[in-house]
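Presented below is the structure to which this report refers.
Numbering (full-length UniProt numbering), first residue to last: 1 to 163.
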């Protein structure tokens, strides 16, 4: 993915209202995942795997940052995002924007998402890739949801400690 001309940055708010960009995390490998807090399976699995990756990285885990971008800003309030990401790891950060900004960021990342009615409520269908950036902020990997945490950790360790 080196040289990718998409997914070059994020400009969204964290739960404390601070605007965040990828540059805020220079020096760290960054994992970006798009999802929503009411997701029954893919999202909690992705964040649990990210927490396991951080653990598997050992001391290098301090140089690994997970960013969870909501595709459901109508329900995923700052408070909900903060509690949700902290349940997996206190260092994980949930990011949100208004509907228009969310659509633009998703387009920039080539992420598909769609609101799917379910009776009186709805769920979200969405892409389940994890985007990984090297410590210089370059997009390097798009990891599939089916890959185990150890594979993620091995790839991220190589980004953190190039030969």
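Beta carbons are placed, not taken as given, at the ideal position from N, Cα and C, and that holds for glycine.
Span separating the alpha-carbon of residue i from that of residue j
i: residue 45; j: residue 112; result: 19 Å
i: residue 31; j: residue 72; result: 19 Å
i: residue 105; j: residue 145; result: 20 Å
i: residue 74; j: residue 103; result: 13 Å
i: residue 126; j: residue 108; result: 15 Å
i: residue 163; j: residue 14; result: 34 Å
i: residue 96; j: residue 40; result: 19 Å
i: residue 17; j: residue 78; result: 8 Å
Unbroken alpha helix (DSSP H) run spanning residue i, endpoints
i: residue 135; result: Looking at the DSSP string, residue 135 is not in any alpha helix (DSSP H), and its letter there is neither H nor E.
i: residue 125; result: First-last for residue 125: 121-126, but that is the beta strand (DSSP E), not the alpha helix (DSSP H).
Coil, strand or helix - residue i by DSSP
i: residue 52; result: helix
i: residue 157; result: helix
i: residue 44; result: helix
i: residue 142; result: strand
Close beta carbons around residue i, own chain, < 7 Å, minus the five adjacent residues each side
i: residue 28; result: 63, 64, 65 and 135
i: residue 156; result: 29, 53, 57, 64 and 132
Residue i beta carbon near the ligand SAH (any heavy atom closer than 7 Å)
i: residue 39; result: Among the components modelled here there is no ligand, and therefore nothing to report on the ligand SAH.
First and last residue of the uninterrupted beta strand (DSSP E) at residue i
i: residue 33; result: 29-35
Cβ shell of residue i (< 8 Å), same chain only, five flanking positions each side left out
i: residue 91; result: 54, 65 and 66
i: residue 93; result: 14, 15, 20, 65, 66, 67, 68 and 85
i: residue 122; result: 115 and 116
i: residue 150; result: 56
Own chain, CB closer than 6 Å to residue i, minus 5 neighbours either side, in chain order
i: residue 37; result: 76, 80 and 84
Complete beta strand (DSSP E) runs within the region 56-114 (minimum length 3 residues, chain order): 64-70 and 93-95
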